[in-house]
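Below you'll find the structure, written out as structure tokens, and then a few comments.
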Amino acid sequence: MDAQLNSNILNLYRTFGDNTPLSYKGPIDDHILQVIGTYIEGLLKHSPKAGKKVFKIFIELAQNISYYSAERSKLANNKDIGTGMVLISEQAEYYTFMTGNLVKTDDIISIIEKSEVINSLDREELREYKREQRKLPPGKKGGAHIGLIQVALTSSNPLDIEVNPVDEEHSFFSIAVKIDK
Amino acid sequence: MENIHIEGKHGVNFIPTVDFNAETGVCELAGESYLEDTIEFYTPLYDWLKQYIEEVKKPIVFNFRLRYFNTSSSKCIIDILNILKKYETTGGTVEVNWYYDAEEEDIEDELEEIEDFMIETNIKINLVPN
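Right, dumping it as structure tokens:
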């Protein structure tokens, strides 16, 4: 047995601690979306308002991973599915919803720029930006280019974005967003 | 002209219930919409509306009873509203009703979204509390 790997997984488990009701890394397809979505609905029944917001944000960010992640997994049905991480942590006053996935470094600048625009706007300006962006021709499978804008509107908090280069072509893109209880 | 009936699913794919009736001109979209591929699902609905407008030419009552939809579905809703608006501008009679649950926790967000739909498409949407 690989003792090193086993102790790593224990460390990872401890890092998440008691306040991480959900952590997932892997391909995100319809099945996973449904299973985690149902889990979130159940988990957050005691704070319905925040619960619904967490659910909506989960759907948008998880679908972004499944469409756009640079890391792909082949499923048994030969479907090519985006892979990434989804994490929820719970504090007394709020939830934090986080996702992380690989992005081609060439694509990262436009995501960062868009996030900066989003964080600089107030609610009314955000709504206007959303209406403008929604008019653009659809992206992959009907994507509306407004997922991140909607996440900011739903959470009413700024997007916390981080980008870390992993190799010459790829960066790890992570986003954390607070949802007040 | 055929009616469209699609039973909604709260399962692996969350698809809305669709009822488009060519005899009455009443069209309904209900339930949840956060499918993986919205274009594939919604294109036949646009085609139906365009065919109805061209061939049947009678009034349309469009009832939305959606509980939850993702952003790519919102774009499809805009496309539907644009088709209806165009029909209205060329002389068709159109009524759009949006049924909502006033008790819903995040109802302000939903009403804000419907206001955005109206601003974006210029069509009147009647808000009907359940």
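In order, the protein sequence lines correspond to chains A and B.
So the first sequence is residues 1 to 181, counted in our numbering.
So the second sequence is residues 1001 to 1130, counted in our numbering.
C-beta atoms are modelled at their ideal positions from N, C-alpha and C, and glycine is treated no differently.
Item                                                                                                                       : Value
Member of B:Glu1120, B:Ile1077 and B:Ile1053 whose CA lies at the smallest distance from the CA of Gly1025 (chain B)       : B:Ile1053
Spatial neighbours of Asp29 (chain A) in its chain, beta-carbon cut-off 6 Å, leaving aside the 5 residues before and after : Ile81
Per DSSP, the bridge partner or partners of Ser73 (chain A)                                                                : A:Ile81
Per DSSP, cross-strand counterpart(s) of Ala176 (chain A)                                                                  : A:Met98 and A:Asp160
Short Cβ contact (8 Å threshold) for Leu153 (chain A) with His145 (chain A)                                                : no
Assigned secondary structure, Thr1017 (chain B) (DSSP; H/G/I helix, E/B strand, else coil)                                 : strand
Whole-angstrom distance between Asn78 (chain A) and Phe1117 (chain B), CA atom to CA atom                                  : 38 Å
Among A:Lys53, A:Gly26, A:Ser171 and A:Arg123, nearest to Ile111 (chain A) - alpha-carbon criterion                        : A:Ser171
8 Å Cβ cutoff met for Thr99 (chain A) and Ser174 (chain A)                                                                 : yes
Selection from B:Glu1028, B:Asp1106 and B:Trp1098 that minimises the alpha carbon distance to Ser47 (chain A)              : B:Asp1106
Interface flag, Glu1103 (chain B) vs chain A, CB-CB below 8 Å                                                              : no
CB of Ala70 (chain A) within 8 Å of CB of Val35 (chain A), strictly                                                        : no
Nearest to Asp1047 (chain B) (by Cα), restricted to the options B:Leu1111, B:Asp1079, B:Ile1125 and B:Val1128              : B:Asp1079
Where Ala92 (chain A) falls, given that 16 or more other Cβ within 10 Å makes a residue buried                             : exposed
8 Å Cβ cutoff, Asp1116 (chain B) in contact with chain A                                                                   : yes
Sequence-distant residues of its chain with Cβ nearer than 8 Å to Thr1017 (chain B) (five each side left out)              : Ile1006, Glu1007, Gly1008, Glu1028, Leu1029, Ala1030 and Gly1031
Test item: CB-CB of Ile1039 (chain B) and Phe1020 (chain B) under 8 Å                                                      : no
Three-state class that DSSP yields for His31 (chain A) in the structure shown                                              : helix
Pair within 8 Å by beta-carbon distance, Ile149 (chain A) and Leu126 (chain A)                                             : yes
Any C-beta of chain A under 8 Å from that of Tyr1034 (chain B)                                                             : yes
Among A:Asn157, A:Gly142 and A:Glu128, nearest to Asn119 (chain A) - alpha-carbon criterion                                : A:Asn157
Any C-beta of chain A under 8 Å from that of Asp1106 (chain B)                                                             : yes
Buried or exposed (CB count within 10 angstroms, at least 16 for buried), Ser115 (chain A)                                 : buried
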